[in-house]
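Peer 1: Note that the sequence shown covers residues 689 to 1102 in my numbering.
From the three backbone atoms N, C-alpha and C, an ideal C-beta is built for every residue, glycine too.
Treat the numbers as computed from the prediction; the structure is a model and nothing was measured.
Just dropping this structure here.
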Amino acid sequence: MVDLLPAQSQGWQKVESIALEHFNRAGLQEIRTPIVEQTELFSRGIGENTDVVGKEMYNFNDRGGRSCTLRPEGTASVARSIVQHSLLNNGPQRLWYRGPMFRYERPQAGRQRQFHQIGVEFVGLASVMSEAEVISIAWEFLKDVGLNDLTLEINSLGSNEDRNAFKEELKNWLNQRFELLDEDSQKRINVNPLRILDSKNNSTKKLLCEAPSINDFLSNESKTRFDYLQELLENIKIPYKINNNLVRGLDYYSHTAFEITSDNLGSQSTVCGGGRYDGLISELGGPQAPSIGWAIGMERLIILAGEKILQRKSPDVYVIHRGEKAEQLALKITCQLRSANLIIELDYSGASFSKQFKRADRSRAKWAMVIGEDEAAKDQLLIKKLRDNQKDDESKEYIFSRGDLDQLIKKLID
Ligand code: ATP
Ligand code: MG
């Protein structure tokens, strides 16, 4: 598990605030659920035969002897909360969440044991339009963060009946090639054959190019849905690729499944995964409530956004001061300017003016404010422009009396 260090946190904040803007514009509401849930929620909600439940969960017994789990994903918790609080009585729920998730996996770039997801869930909506909208929210958000080499892959997993027929056919086909499969896939044939399609083993992947395709098992109704989704995506100009081998790792998906990937992520190429899960809410004791959602891995998103997103916002003013009276004035004016929404950095070195100026330069501040004994005695403030596009402006200095705060602020934000 990893620390999020100060050098990265502003990048995270930037990404999160972009997400919040997109969610607000789409009329979504936030939901915050506990990090610990009863283990049963995930074994029922995600499925016993998935990697997540079978191999990756952090489970423990609490002092009351109850089996608890650190949540490995957000959807099951959101669904539980919706059922527990009967939120669907108020109509369909369009929600977002964010926070840490926990999976016992082999750590590597873009894969951690504690990682962070930001996710969206539309619960109680069956229309294909809701799928296109949900996808568009992810797509536009990622573009706004500055990612432009993304691929959207979509698939239809059909209805339960379509999928069951396909599973039987796939099992037969795989059993005939049992010896050619990797060991993990051999174990999965009978418990969770669909997951084999998601195998990361190269020789299995090659073999699967010839495997039967879910596409041939879709009922007319499922096909019509899938065609309509494609039409809607074309309408809103979101490019997509059809990938008939795309299945989600979790059991509860049906019809549309999708992933947004980037070649710049190496083997952990998926930044966003989502799809329709029509059976989950009723599985957890709620009403029939068709739903669709996605989750984005924050760590992978930050890797893709690159250095640019991690850059700190530079201060508007770096305050240089010397002497006790100057120090008092420096702190006072700093508080006043911060109240006016300016970013102010105070010098703490107590070094000579020239050294403080060097620090001001390094901070990349737009202005240096200089307060020496002289200024303090006269209750004056001297500001000096540190960087500007126009070279001849560089050495400009201005003096303000402290009573002239409005004038000073006007100059600083000019
Ligand atoms: P993968 O195939 O990469 O293991 P997954 O199918 O298990 O992904 P989901 O459960 O769909 O992933 O989670 C959605 C997103 O959360 C992923 O696309 C990824 O960006 C992120 N994610 C999942 N597991 C991890 C992890 N261990 N560390 C960092 N990010 C993760
Ligand atoms: Mg995984």
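Tell me whether G985, by its Cβ, gets closer than 7 Å to a heavy atom of ligand 1.
Peer 2: Yes; taking the cut-off as 7 Å, the Cβ of G985 has a heavy atom of ligand 1 nearer than that.
Peer 1: Report yes if the C-beta of R988 is less than 7 Å from at least one heavy atom of ligand 1; otherwise report no.
Peer 2: Checking every heavy atom of ligand 1 against the Cβ of R988, one is found closer than 7 Å.
Peer 1: Report the CB separation of T944 from L920 in whole angstroms; it is logged as a contact under 8 Å.
Peer 2: Not really, about 11 Å apart at Cβ, beyond 8 Å.
Peer 1: In the DSSP assignment, find the unbroken beta strand (DSSP E) run with K1001 in it and report its ends.
Peer 2: Careful: K1001 lies outside any beta strand (DSSP E) and carries neither H nor E.
Peer 1: I need the boundaries of the alpha helix (DSSP H) containing Q696, first residue and last residue.
Peer 2: Its alpha helix (DSSP H) spans residues P694 to R713.
Peer 1: On a Cα-Cα basis, can you pick out the residue from Q805, L838, E709 and F1041 that is closest to D951?
Peer 2: If we check each option's Cα against that of D951, L838 comes out closest.
Peer 1: Pair every Cβ in the segment 839-849 with every Cβ in the segment 800-813, then say whether three or more of these pairs are closer than 8 Å.
Peer 2: The segment 839-849 vs the segment 800-813: no contact.
Peer 1: Can D872 be considered in contact with ligand 2, in the sense that its beta carbon sits closer than 7 Å to one or more heavy atoms?
Peer 2: For ligand 2, not one heavy atom lies less than 7 Å from the Cβ of D872.
Peer 1: Confirm, please, whether the CB-CB distance from R786 to G704 is below 8 Å.
Peer 2: The amino acid occupying residue 704 in the given sequence is Glu; Gly does not appear at that position. In contact: E704 and R786 (Cβ atoms closer than 8 Å).
Peer 1: Per DSSP, G787 forms a beta bridge with which residues?
Peer 2: Partner(s): Q805.
Peer 1: If you reduce the DSSP assignment to three classes, tell me which class L895 lands in.
Peer 2: In this structure, L895 counts as helix in the three-state DSSP scheme.
Peer 1: Using the C-alpha atoms, what's the distance from I990 back to S697?
Peer 2: Roughly 10 Å separates the two Cα atoms.
Peer 1: Between Q717 and ligand 1, is the CB less than 7 Å from at least one heavy atom?
Peer 2: Because no heavy atom of ligand 1 lies under 7 Å away, the Cβ of Q717 does not count as near it: no.
Peer 1: Buried or exposed: which applies to E898, given that a residue is buried once 16 or more other Cβ atoms fall within 10 Å of its Cβ?
Peer 2: By the neighbour-count rule (16 or more Cβ atoms within 10 Å), E898 is not buried but exposed.
Peer 1: Assess contact between the segment 965-981 and the segment 995-1003, defined as three or more Cβ pairs (one per stretch) separated by less than 8 Å. Is contact present?
Peer 2: Output reads no: the segment 995-1003 does not touch the segment 965-981.
Peer 1: Starting from Q772, trace the alpha helix (DSSP H) in both directions and tell me its first and last residue.
Peer 2: Q772 -> alpha helix (DSSP H) spans T763 to Q772.
Peer 1: Give the secondary structure of I924 by DSSP, where H, G and I count as helix, E and B as strand, and everything else as coil.
Peer 2: Looking at I924 - three-state DSSP - the assignment turns out to be coil, as it is neither helix nor strand.
Peer 1: Touch check for the segment 1049-1059 and the segment 1006-1013: three-plus C-beta pairs under 8 Å?
Peer 2: Contact holds: three or more Cβ-Cβ distances are below 8 Å.
Peer 1: Between the Cα of V724 and the Cα atoms of L813, N931 and S755, which residue gives the shortest distance?
Peer 2: With distances taken between Cα atoms, V724 lies closest to S755.
Peer 1: Cβ of G735 within 8 Å of Cβ of L953?
Peer 2: Taking 8 Å as the Cβ cut-off, G735 and L953 do not qualify as a contacting pair.
Peer 1: Which same chain residues, not among the five before or five after L729, have their C-beta less than 8 Å away from its C-beta?
Peer 2: Counting only Cβ-Cβ distances below 8 Å, and skipping sequence neighbours, we find T757, A764, S765, R768 and L972.
Peer 1: What residues in its chain sit with their C-beta under 7 Å from that of Q874, if we drop five residues either side in the sequence?
Peer 2: Cβ within range, chain order: F866.
Peer 1: For R688, count neighbouring C-beta atoms within 10 Å of its own C-beta (all shown protein chains included) and say buried if the count is 16 or more, exposed if not.
Peer 2: The question about residue 688 has no answer, for the chain in this structure spans 689 to 1102.
Peer 1: For L630 and A993, I'd like the C-alpha separation in whole angstroms.
Peer 2: Nothing in the structure corresponds to residue 630, since the chain is present only between 689 and 1102.
Peer 1: Does the distance from the C-beta atom of E809 to that of L783 stay below 8 Å?
Peer 2: Against a cut-off of 8 Å, the Cβ pair of L783 and E809 comes out as a contact.
Peer 1: Please state whether DSSP places M986 in a helix, a strand or coil.
Peer 2: If DSSP states are grouped into helix, strand and coil, M986 belongs with the helices.
Peer 1: Thinking just about the alpha-carbon of each residue, which of K855, L775, P788 and V771 is nearest to the one in A983?
Peer 2: For A983, the nearest C-alpha among the options comes from P788.
Peer 1: Within 10 Å of its beta-carbon, does L693 have 16 or more other beta-carbons around it, so buried, or fewer, so exposed?
Peer 2: Exposed.
Peer 1: Starting from E1045, trace the alpha helix (DSSP H) in both directions and tell me its first and last residue.
Peer 2: Going by the sequence as given, residue 1045 is Phe instead of Glu. Note, F1045: alpha helix (DSSP H), F1041 to R1050.
Peer 1: Less than 7 Å between the CB of D886 and some heavy atom of ligand 2, yes or no?
Peer 2: No, the Cβ of D886 stays beyond 7 Å of every heavy atom of ligand 2.
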